[in-house]
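Peer 1: In our numbering, the protein residues as written are 4 to 552.
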Amino acid sequence: MNRFAALYDAIDASTGTQSKVAALSAYFSSAPPADAAWAVAFLTGRRPKRLVRAPDLRVWAAQAANIPDWLFEESYAQAGDLAETITLLVPHDNASHDNVPHDNASHDNASDAASLAEWVEQRILPLRTLEPDAQRVELLSAWRTLSGTARFVYNKLLTGAFRVGVSDGLVVRALSASSGVDADVLAHRLMGQWEPSSTWFSSLISETTSDADWSRPYPFFLAYALEAGVHSLGARDEWLVEWKWDGIRAQIVKRQSRTFLWSRGEDMLAGRFPEVEAAVAFLPDGTVLDGELLAWRDGRPLPFTALQRRLNRKTVGRKLLADVPVHLVAYDCLEFEGRDVRWEPLRVRRQYLDSIVCALPTGAPISVSPSIDAPDWAGVVAARDASRAQEAEGLMLKRLEAAYGVGRRTGDWWKWKVSPLTVDAVLVNAQAGHGRRAGLFTDYTFAVWDGETLVPFAKAYSGLTDVEIREVDRFVRANTREKFGPVRTVKPELVFELAFEGIQESARHKSGIAVRFPRISRWRRDKPVAEADSLETVRQMLRAQRGGA
4 MNRFAALYDA
14 IDASTGTQSK
24 VAALSAYFSS
34 APPADAAWAV
44 AFLTGRRPKR
54 LVRAPDLRVW
64 AAQAANIPDW
74 LFEESYAQAG
84 DLAETITLLV
94 PHDNASHDNV
104 PHDNASHDNA
114 SDAASLAEWV
124 EQRILPLRTL
134 EPDAQRVELL
144 SAWRTLSGTA
154 RFVYNKLLTG
164 AFRVGVSDGL
174 VVRALSASSG
184 VDADVLAHRL
194 MGQWEPSSTW
204 FSSLISETTS
214 DADWSRPYPF
224 FLAYALEAGV
234 HSLGARDEWL
244 VEWKWDGIRA
254 QIVKRQSRTF
264 LWSRGEDMLA
274 GRFPEVEAAV
284 AFLPDGTVLD
294 GELLAWRDGR
304 PLPFTALQRR
314 LNRKTVGRKL
324 LADVPVHLVA
334 YDCLEFEGRD
344 VRWEPLRVRR
354 QYLDSIVCAL
364 PTGAPISVSP
374 SIDAPDWAGV
384 VAARDASRAQ
394 EAEGLMLKRL
404 EAAYGVGRRT
414 GDWWKWKVSP
424 LTVDAVLVNA
434 QAGHGRRAGL
444 FTDYTFAVWD
454 GETLVPFAKA
464 YSGLTDVEIR
474 EVDRFVRANT
484 REKFGPVRTV
494 KPELVFELAF
504 EGIQESARHK
514 SGIAVRFPRI
524 SRWRRDKPVA
534 EADSLETVRQ
544 MLRAQRGGA
C-alpha cells in the first residue's frame, strides 16, 4: 500500500506527461505482479463501487476523531471530499481512545508492510459482505494503521471515488516502457472484461500471450475538435464527411457464433438493447463494427433524452421497447472475415462495412452512417449549419486513407460540432461545490422569464474563472434570501449567458424544457435582469430546431 501511495504522490505532484510515465513505469517494473494488476485496474478507472455507507463513514470517523457530528459535517463542507476529511481529522494512532477497539493490535502491526493486493483482497473488498458493526471495527483498525497518502488512498477506495491525474493512454505507455510490449497490443488486451491478479498481469505484459480472446472489443479511435476550420484540411475529396450523432458509442462483435455489444466505457451491454443484438446474430463470424447507438424511429434519430430512458436498464419491457426503439448507425469495420483490418485505409474498410450491412435482413436496426454528399467545403459548411435539423451535433471528418487508430490522435479524425445555443438567464439558486471548490458557491441554478415570473430553467457548474467564482460567492453570501439545506436562494440580480448543445421538451422540469450540456459562456454584466430571455424565446429555439415556424 505504501508503494502505491508513493506512486500516487509522484503522479499528483507532476504536471508533465514524461515524469508521470516515468513514475508509472518504475512502479510497474518493481511492484509484485498482483500489486501491479490492482494498480492498473484503479488507474484505468476500474475502482470498486462504494463499499460502506457514507452516513456510517461520517459517524464512525467523527467518533474516531473524538469530535461531535456537527463539527465533522462542517469540516466536510469545507473540505468538499469525504475521503480527505476523514484522512485529515482521524488521528493516526487512536489506540488511546475508549471508543476504538484494541483487540486488533497484531493485525495492525502486520498491516504496516502489507502490499496493495493484500489490502484490497483481504481488507477492502471483504467490507462489502460485513455487517455494520464488523465494518466499523475494520475501518477503525485501518485508520489507526495507515497515515498520510496511504490512508487517503484507502479512503478513496472505500468511497468509490479513487482517481488520479493520468489517462489510460499514459498507463499504456508506461506498461509498454516497462515491459517492451507494443502499446497498441497492450491497449487491446486491456479492453473488455478482466479480473486483476498476478496471473492476469503476467499475461498482459507477456510477449508470447495469445490475443485470441473472442469476446474482446478493440480500443476505440477518438477525434479531436476541429478549431481551424475545414479549409485547413486540404482537398475535399480526401475526406469522408458524416453526421456526428448524439448517442452511445459502441462496438458489435460476432465471433464463434457468439454476439457481444460493448460500450466505449467497456461495459458489456448484454440484454440492454435486444433488438440490436438480435440483428447482430445475422452478421458473419469474424466481424467487428464500430458505430453509435441511437434512439430511432421512422428512419431518423430521436433526441438523446429518449435514449436516456433505455440507459442503465439491464432488462427492457415491451412498452419501452415500443416507445424507444434503438438503432445502431455503423461507421467503421474493424474486423472482416476474422482479420483485423484496422490498419487498412478507411475507404477500404467502408467497402467491407457496406457489404456486411447490405446483407442483413430488411428492416434490421443496423445501418451504415451516410456520407454527406457535398462537392466542396462550402457545401460541408452548409451541412454543418443544418446539423440540428438532423438531430446531430455537427460533423465528423475522416481522412479516407487513414487507419483506425487507438485513442485520441491528431490529424485523421476530426469532430466539428455546431455552434451552441445560448440563452441569457438569471441566477436564482446556488450551492457549495466539492473538491477544490469546496467552501465556495459554484453550483448554480438559472431561470428565465415566464410573464413576470422567473422559472428555473437549467443548472450549470462550469464556465467562470476563479476570480469570477469568488465574486459570485461573495454575492451569494451577501444576498441570500432563503436556505433549503445546502441550497441558497439569492436576489435575482445577476445575468449570465448559458450555452448548451440541444434542447428538448421535458415533463420532469418546471419550465417544460430540458437542455443538454449547459455551461456558463459569459457573465452579462451589461444586461439588467429585466432583459434576460423568456421561456417563449426558448420555445422558439425548440421549434426552430425542429424546423417549425
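All C-beta atoms, glycine included, are put in the ideal place defined by N, C-alpha and C.
Predicted model only: the values in this text are computed from it and were never measured.
Count the CB pairs spanning the stretch 371–387 and the stretch 342–350 that are closer than 8 Å, and state whether there are at least three.
Peer 2: Contact between the stretch 371–387 and the stretch 342–350 is absent, because fewer than three Cβ pairs lie under 8 Å.
Peer 1: Whole-angstrom Cβ separation of residue 54 and residue 131, contact assumed at under 8 Å?
Peer 2: Confirmed, about 5 Å.
Peer 1: When you compare each of 340, 490, 177 to residue 290 by their alpha carbons, which one comes out closest?
Peer 2: Among 340, 490, 177, the Cα nearest to that of residue 290 is on 340.
Peer 1: Could you check where the beta strand (DSSP E) with residue 518 kicks off and where it finishes?
Peer 2: Looking at the DSSP string, the run of the beta strand (DSSP E) that includes residue 518 is 516–519.
Peer 1: Would you kindly check if the distance between the Cβ of residue 478 and the Cβ of residue 428 is under 8 Å?
Peer 2: Not closer than 8 Å, so no.
Peer 1: Ordered along the chain, which non-local residues of its own chain (more than five positions away) have a Cβ less than 7 Å from that of residue 73?
Peer 2: Cβ neighbours of residue 73 beyond the five flanking positions: none.
Peer 1: Can you list, in chain order, the residues of its chain with a C-beta nearer than 8 Å to that of residue 85? Leave out the 5 residues immediately preceding and following it.
Peer 2: Result list for residue 85: 57, 60, 61, 79, 158, 162, 164, in chain order.
Peer 1: My assumption, with CB atoms under 8 Å, is that residue 329 sits in contact with residue 276. Please give the rounded CB distance.
Peer 2: Going by Cβ atoms, the distance from residue 329 to residue 276 rounds to 5 Å, so yes, they are a contact pair.
Peer 1: Over what stretch of residues does the alpha helix (DSSP H) that includes residue 23 continue unbroken?
Peer 2: 20–33 is the extent of the alpha helix (DSSP H) around residue 23.
Peer 1: From what residue to what residue does the alpha helix (DSSP H) around residue 197 run?
Peer 2: From DSSP, residue 197 is part of no alpha helix (DSSP H); its letter is neither H nor E.
Peer 1: Based on the DSSP secondary-structure assignment, which residues constitute the bridge partners of residue 390?
Peer 2: Beta-bridge pairing links residue 390 to no other residue.
Peer 1: Under 8 Å between the Cβ atoms of residue 154 and residue 90?
Peer 2: Against a cut-off of 8 Å, the Cβ pair of residue 90 and residue 154 comes out as a contact.
Peer 1: Would you report the Cα separation of residue 71 and residue 170, rounded to the nearest angstrom?
Peer 2: Roughly 40 Å separates the two Cα atoms.
Peer 1: Within the chosen definition, does the stretch 360–373 reach the stretch 278–293 through at least 3 CB pairs nearer than 8 Å?
Peer 2: A contact exists between the stretch 360–373 and the stretch 278–293.
Peer 1: Excluding sequence positions up to five away, which residues of its chain have a Cβ less than 8 Å from the Cβ of residue 386?
Peer 2: Around residue 386: 244, 375, 377, 398.
Peer 1: With DSSP run on the structure shown, which of helix, strand or coil describes residue 499?
Peer 2: Strand, per DSSP.
Peer 1: Sort 320, 497, 518, 512 by Cα distance to residue 506 and report the nearest one.
Peer 2: It is 518.
Peer 1: For residue 227, which beta-bridge partners are listed by DSSP?
Peer 2: Per DSSP, 417.
Peer 1: Pick from 42, 392, 274: whose alpha carbon is nearest that of residue 156?
Peer 2: Nearest option by C-alpha distance: 42.
Peer 1: Nearest to residue 426 by alpha carbon, out of 542, 474, 415, 396?
Peer 2: Per the Cα distances, 542.
Peer 1: In or out: residue 553 buried (at least 16 other Cβ within 10 Å) or exposed?
Peer 2: No answer is possible for residue 553: the residues shown for the chain start at 4 and end at 552.
Peer 1: Which same chain residues end up closer than 6 Å to residue 309 when comparing Cβ atoms and leaving out the 5 residues on each side of it in sequence?
Peer 2: Excluding positions up to five away in sequence, the list reads 298, 327.
Peer 1: Between the stretch 256–270 and the stretch 404–411, can you find at least three pairs of beta-carbon atoms closer than 8 Å?
Peer 2: Flag = no, the stretch 404–411 and the stretch 256–270 do not touch.
Peer 1: Whole angstroms is fine: what's the gap from residue 44's alpha carbon to residue 50's?
Peer 2: Approximately 7 Å, taken between the alpha carbons.
Peer 1: In this structure, does DSSP put residue 181 in helix, strand or coil?
Peer 2: In the structure shown, residue 181 sits in a helix (DSSP, three-state: H, G or I).
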